[in-house]
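Line by line, the protein sequences are chains A and B. If you count the first sequence from 1, you need to add 14 to reach this note's numbering. If you count the second sequence from 1, you need to add 14 to reach this note's numbering. One structure below.
There are 2 protein chains.
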Amino acid sequence: MLKFSLIGKDNKARSGVFETDHGVVETPAFMPVGTQGTVKAVNQKYLEEIKTQIVLSNTYHLYLRPGTEVLEKAGGLHRFMNWNKPILTDSGGFQVFSLSELRKVKPEGVEFRSHLDGSTHFFTPEKVVGIQRSIGSDVMMVLDECTPYPCEYDYALKSANLTSSWAAMSKEAFEKSFPLYDHKQFIFGIIQGSVYKDLRELSAKDLITLDFDGYAIGGLAVGEPVETMYDIVDFTTSLMPENKPRYLMGVGRPENLLEAIERGIDMFDCVMPTRNGRNAYLFTSNGILSMRNSKYKDDFSFIDGNCNCYTCRNFSKAYLRHLFIAGEILALELASIHNLNFYLSLMRTAREKILDGNFSEWKEEIVKRIINNKINTEE
Amino acid sequence: MLKFSLIGKDNKARSGVFETDHGVVETPAFMPVGTQGTVKAVNQKYLEEIKTQIVLSNTYHLYLRPGTEVLEKAGGLHRFMNWNKPILTDSGGFQVFSLSELRKVKPEGVEFRSHLDGSTHFFTPEKVVGIQRSIGSDVMMVLDECTPYPCEYDYALKSANLTSSWAAMSKEAFEKSFPLYDHKQFIFGIIQGSVYKDLRELSAKDLITLDFDGYAIGGLAVGEPVETMYDIVDFTTSLMPENKPRYLMGVGRPENLLEAIERGIDMFDCVMPTRNGRNAYLFTSNGILSMRNSKYKDDFSFIDGNCNCYTCRNFSKAYLRHLFIAGEILALELASIHNLNFYLSLMRTAREKILDGNFSEWKEEIVKRIINNKINTEE
Numbered sequence: 015m016l017k018f019s020l021i022g023k024d025n026k027a028r029s030g031v032f033e034t035d036h037g038v039v040e041t042p043a044f045m046p047v048g049t050q051g052t053v054k055a056v057n058q059k060y061l062e063e064i065k066t067q068i069v070l071s072n073t074y075h076l077y078l079r080p081g082t083e084v085l086e087k088a089g090g091l092h093r094f095m096n097w098n099k100p101i102l103t104d105s106g107g108f109q110v111f112s113l114s115e116l117r118k119v120k121p122e123g124v125e126f127r128s129h130l131d132g133s134t135h136f137f138t139p140e141k142v143v144g145i146q147r148s149i150g151s152d153v154m155m156v157l158d159e160c161t162p163y164p165c166e167y168d169y170a171l172k173s174a175n176l177t178s179s180w181a182a183m184s185k186e187a188f189e190k191s192f193p194l195y196d197h198k199q200f201i202f203g204i205i206q207g208s209v210y211k212d213l214r215e216l217s218a219k220d221l222i223t224l225d226f227d228g229y230a231i232g233g234l235a236v237g238e239p240v241e242t243m244y245d246i247v248d249f250t251t252s253l254m255p256e257n258k259p260r261y262l263m264g265v266g267r268p269e270n271l272l273e274a275i276e277r278g279i280d281m282f283d284c285v286m287p288t289r290n291g292r293n294a295y296l297f298t299s300n301g302i303l304s305m306r307n308s309k310y311k312d313d314f315s316f317i318d319g320n321c322n323c324y325t326c327r328n329f330s331k332a333y334l335r336h337l338f339i340a341g342e343i344l345a346l347e348l349a350s351i352h353n354l355n356f357y358l359s360l361m362r363t364a365r366e367k368i369l370d371g372n373f374s375e376w377k378e379e380i381v382k383r384i385i386n387n388k389i390n391t392e393e
Numbered sequence: 015m016l017k018f019s020l021i022g023k024d025n026k027a028r029s030g031v032f033e034t035d036h037g038v039v040e041t042p043a044f045m046p047v048g049t050q051g052t053v054k055a056v057n058q059k060y061l062e063e064i065k066t067q068i069v070l071s072n073t074y075h076l077y078l079r080p081g082t083e084v085l086e087k088a089g090g091l092h093r094f095m096n097w098n099k100p101i102l103t104d105s106g107g108f109q110v111f112s113l114s115e116l117r118k119v120k121p122e123g124v125e126f127r128s129h130l131d132g133s134t135h136f137f138t139p140e141k142v143v144g145i146q147r148s149i150g151s152d153v154m155m156v157l158d159e160c161t162p163y164p165c166e167y168d169y170a171l172k173s174a175n176l177t178s179s180w181a182a183m184s185k186e187a188f189e190k191s192f193p194l195y196d197h198k199q200f201i202f203g204i205i206q207g208s209v210y211k212d213l214r215e216l217s218a219k220d221l222i223t224l225d226f227d228g229y230a231i232g233g234l235a236v237g238e239p240v241e242t243m244y245d246i247v248d249f250t251t252s253l254m255p256e257n258k259p260r261y262l263m264g265v266g267r268p269e270n271l272l273e274a275i276e277r278g279i280d281m282f283d284c285v286m287p288t289r290n291g292r293n294a295y296l297f298t299s300n301g302i303l304s305m306r307n308s309k310y311k312d313d314f315s316f317i318d319g320n321c322n323c324y325t326c327r328n329f330s331k332a333y334l335r336h337l338f339i340a341g342e343i344l345a346l347e348l349a350s351i352h353n354l355n356f357y358l359s360l361m362r363t364a365r366e367k368i369l370d371g372n373f374s375e376w377k378e379e380i381v382k383r384i385i386n387n388k389i390n391t392e393e
C-alpha cells in the first residue's frame with residue numbers, strides 16, 4: 015500500500031507526502047503532462063531544474079507508440095525517457111473516449127480505433143493494468159469511462175456502475191500481476207458520476223471498498239460550470255479517505271487548482287501550462303500575458319520579476335515576443351519552462367500556506383489578482 | 015584592425031585565434047547559424063555547453079524582424095538574445111538574392127521586396143553597415159552580390175566589379191561610423207567571381223586593397239560540383255593574406271569543411287547541422303544516421319558513443335526515434351544539440367591535428383569513414 019503521510023491541514027486543505035521507489039512527492043502536487051514520454055518542448059534537465067517531483071504520461075499514447083514491446087525492452091518508461099523520478103500514468107480511458115474513433119463499450123472493456131492509423135484495439139481493465147506493468151509507472155490508474163457534459167442521469171448511472179465493475183477487475187488484475195522492473199507500483203481508482211451527487215456517492219463507495227492506493231475524481235472539467243465543478247469536488251472529497259491521496263484529473267487553471275486544494279484535493283495534472291505556453295500565453299504573478307501583443311515589442315523587462323526560472327533569469331518580454339512572432343522553436347521551450355515553473359511554484363507556496371494555517375487568506379488574494387488581471391488576456 | 019594570430023600551420027591548413035571584445039575565437043571555427051537571433055531549437059545555455067565560441071546571425075532577417083529600432087533599444091543583439099560571446103552577421107546580400115522578391119540591382123544598392131510582407135526596401139552598402147551598427151555584431155560582412163551557379167562569364171565579371179564597388183563604399187561607411195555600444199566591431203570583405211579563376215583573382219585584389227579585417231569567399235556551395243568548389247577555394251586562399259581570417263561562407267558538410275581547412279580556410283557557417291537535425295539526420299563518428307529508420311525502434315545504444323553532448327549522455331537512439339515519429343518538439347532540440355556539438359568538436363580536433371602536424375592524415379581517415387558510411391543515409 016502506498017505510504018501517504020499528512021503533514022498538515024488547514025480546514026479541508028491538506029499538505030502531505032507520498033513515497034515511491036523513485037522518490038517522494040509532496041502534495042498538493044502538480045504533474046507536468048508528458049503524454050508521449052516527453053513533456054512537450056521541455057527536456058528532462060529543465061524538468062529537474064524547476065523541481066518537478068512527478069510527471070504524468072499516458073497509457074493510450076504509449077501503447078500505440080512506441081508500444082509495450084519497445085518499452086519492455088527499454089526496461090520501462092523511466093529508463094526509456096531517462097527520468098528517474100516518479101511517473102503516474104493515466105489509464106487511457108479519457109483518450110479512448112475523447113480521441114479514438116468508433117468506440118464500442120462492452121461490459122468487459124472498450125473496443126476502439128486508433129486515432130493514428132484507424133487500427134482496431136480492445137482495452138480491458140486487465141489489459142490496461144498489463145500495459146502499465148510494461149510502462150512501469152509508479153502510479154497506475156484504472157480504466158474508467160469518462161462521461162461527457164452534459165450527461166443524462168441514466169447514462170451517468172450506468173457508466174458509474176461500469177467504471178466500478180472495471181475498477182474491481184483492475185484491482186484483481188493488479189493483485190494477480192507483478193512489476194516487471196525493480197520498483198514497486200501502486201494503483202489509484204477513479205470516482206465517476208458526472209455532476210450527480212448521489213452517483214458520486216455511489217461511485218466513491220464502490221471504489222473505496224476496493225481499497226486502492228489513492229483515489230481520483232474523473233469526469234470533471236469537461237465543460238460543466240466551474241461552480242458545479244467546485245461543488246462536486248467539495249462533496250466528493252468529503253467521501254474520500256483522509257489517509258490516501260486525492261487526485262483531480264485534468265484540472266486546470268491556477269485558480270481552479272487553488273479552489274480544489276481548499277476543497278481537499280492533493281494532486282493535479284493539466285496540459286494548460288505547456289499548451290498555453292506554446293500558444294504564447296504566459297502565466298505570471300501579474301496575470302496572463304499574451305506574448306504576441308505588440309506592446310511587448312520593446313519591453314525589455316523580465317517576463318515575471320517574481321520568477322527564477324531559466325526563461326526569466328535570461329530573457330526579456332521583447333525577446334520572447336520576437337521569437338513567437340518569428341515562429342522560432344525556442345519560444346515554445348522558454349514559454350513552457352516558465353509556465354510549468356509557475357504551476358510548480360504555486361504548489362510549493364500552497365504547501366507552505368497550508369502548514370502556516372493561512373491558506374484561504376492567501377488563496378483569496380491570488381485568485382483576486384488573477385481575476386483582476388484576466389483583462390490582460392483580452393487586450 | 016582585428017587581431018588574428020596564427021598558432022600553427024600544417025601545409026596550407028592553419029590554426030589560429032582572433033580576439034573580439036566578447037571573447038576569442040579559435041580557428042578553424044564553425045559558427046552555428048542563428049538567423050533570427052536564435053539558433054533554431056537550441057537555447058543559449060546549450061550553445062555554451064557545447065563550447066560555441068561565435069554564432070552567426072543575419073542582417074536581412076534582423077532588419078525585417080525585430081527591426082533596428084528594437085535592437086537599438088535593447089542595446090544590441092548580444093543583450094537582446096542574451097549571448098555574451100562573439101557574433102558575426104552576414105550582410106543580407108545572400109538573402110536578398112535568394113529569398114526576397116522583385117530585386118532591382120543598381121550601382122548604389124539593391125531594391126527588394128520582403129519575403130514576409132512584400133514591402134519594398136533598399137539596401138545600400140552604407141545602410142547595411144548601419145544596420146550592423148544597430149545589431150552590434152563583433153564582425154560585420156559587406157553587402158555583396160552572390161552569383162548563382164551556373165553563371166555566365168560576363169555576368170560574373172560585372173557582378174564581381176559591383177561587389178568590389180560596394181565593398182569600397184562599405185569600407186568607407188564603416189570608417190566614417192562608430193559602434194553604438196561599448197565594444198569594437200570589425201568588417202570582412204567578400205570575394206566573388208563565381209567559378210572563374212581570373213575573376214576570383216580580380217575580386218581578391220580589389221578587396222585586399224581595401225584592407226578589411228578578414229576575407230570571405232562567397233558564391234560557392236550554390237550548386238557547382240564539389241571538386242570545382244575545392245579548386246576555387248584552393249586557388250582563392252592562395253591569393254588571400256596570411257595574417258587575416260579566411261571565411262568560406264555557407265559551407266557545408268563535415269567533409270567539405272575538412273577539405274576546405276586543408277586548402278587554408280579558417281571559418282565556416284552552415285545551417286546543415288541544425289536543419290538536418292530537425293529532419294532527423296544525425297551526424298556521428300560512424301556516418302549519418304536517419305533517426306526515423308525503423309531499425310532504431312529498439313536500439314537502446316547512445317546515438318554516438320564518442321560524443322559527450324547532452325543528447326548522447328542521456329538518451330538512446332530508440333527514444334530519439336520515438337520522439338521524431340511522435341512529432342515531439344524535444345526531438346528537434348536533441349538532434350540539433352548533437353549535430354552542432356559534432357561540428358564544433360570536429361573543429362576542435364582539426365585544430366589539434368594541425369598543431370600536431372598530421373591534419374591531412376587524420377582528414378583522409380575521417381573523410382573515408384564518412385564516405386563509406388554514406389550508405390547509412392540511403393537505407
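Ideal Cβ placement from N, Cα and C applies to all residues, glycine included. On a predicted model such as this, the values are computed, not experimentally measured, just so you know.
Legend: CB atoms of the stretch 39-55 of chain A lying less than 7 Å from CB atoms of chain B belong to residues Q50, G51, T52, K54 and A55. In the structure shown, R127 of chain A adopts extended strand secondary structure according to DSSP, grouped into three states. With a cutoff of 8 Å on beta-carbon distance, G30 of chain B and F18 of chain B are scored as near each other.
Against chain B, the beta carbon of K59 of chain A has neighbours under 9 Å at Y324 and N328, listed in chain order. Per DSSP, reduced to three states, the secondary structure at S71 of chain A is strand. Against chain A, a Cβ distance below 7 Å from V285 of chain B picks out nothing, because the smallest value is about 14 Å. With respect to the C-alpha of H129 of chain A, the residue from A:L116, A:I246, A:F373 and A:E122 having the closest C-alpha is A:L116. Excluding residues up to 5 positions away in sequence, R127 lie with their Cβ nearer than 7 Å to the Cβ of S133 of chain B in the same chain. Within the DSSP bridge table, the entry for G37 of chain B names B:T34 as partners. Membership of M154 of chain A in the beta strand (DSSP E) is indicated by the continuous run V153 to M155. Taking a 10 Å sphere around the C-beta of T251 of chain A, we find 16 or more other C-beta atoms and assign the residue as buried. For the stretch 282-322 of chain B, the continuous beta strand (DSSP E) assignments of 3+ residues that do not extend past its boundaries occur at 295-298 and 301-304, in sequence order. Using a C-beta cut-off of 8 Å, the stretch 271-281 of chain A makes no contact with the stretch 328-346 of chain A, since fewer than three inter-stretch Cβ pairs fall below that distance. Look at the beta carbons and you see the stretch 95-104 of chain B touching the stretch 66-73 of chain B: at least three pairs across the two are nearer than 8 Å. Cβ proximity to chain B below 9 Å picks out A88, G89, R93, F94, M95 and N96 from the stretch 88-107 of chain A. Straight-line measurement puts the Cα of N72 of chain B at about 51 Å from the Cα of P162 of chain A. With respect to C160 of chain A, G107 of chain A sits close: the two C-beta atoms are nearer than 8 Å. Going by DSSP, A230 of chain B is part of the beta strand (DSSP E) stretching over G228 to I231. For L344 of chain A, same chain residues with a beta-carbon under 8 Å away, outside a window of 5 residues either side, are L337 in chain order. Here F188 of chain B is actually not in contact with P287 of chain B; their C-beta atoms are around 31 Å apart, not less than 8 Å.
Going by DSSP, F44 of chain B is part of the beta strand (DSSP E) stretching over A43 to M45. If you look at Y261 of chain B, you'll find it in the beta strand (DSSP E) that goes R260 to L262.
In terms of beta-carbon proximity, V69 of chain B stays away from the interface with chain A, with every pair separated by 8 Å or more. Exposure of D168 of chain A is indicated by the presence of fewer than 16 other C-beta atoms within 10 angstroms of its C-beta. Separation of R289 of chain A and V53 of chain A (C-alpha to C-alpha, rounded to the nearest whole angstrom) is 10 Å. Remark: C-beta atoms of G90 of chain B and Y244 of chain B do not approach each other more closely than 8 Å. Among the residues facing chain A, K311 of chain B is included, as its CB has a counterpart in that chain under 8 Å away.
Within a 10 Å sphere around the beta-carbon of T41 of chain B sit 16 or more other beta-carbons, which makes this residue buried. Using a Cβ-Cβ cut-off of 8 Å, I149 of chain B does not count as an interface residue toward chain A, since no Cβ of chain A sits closer than that to its own. Taking 8 Å as the cut-off, the Cβ atoms of S105 of chain A and D158 of chain A count as close.
Beta bridge pairing from DSSP links D370 of chain B with no other residue. Looking at the backbone, the Cα of F136 of chain A and that of Y210 of chain A are separated by about 29 Å.
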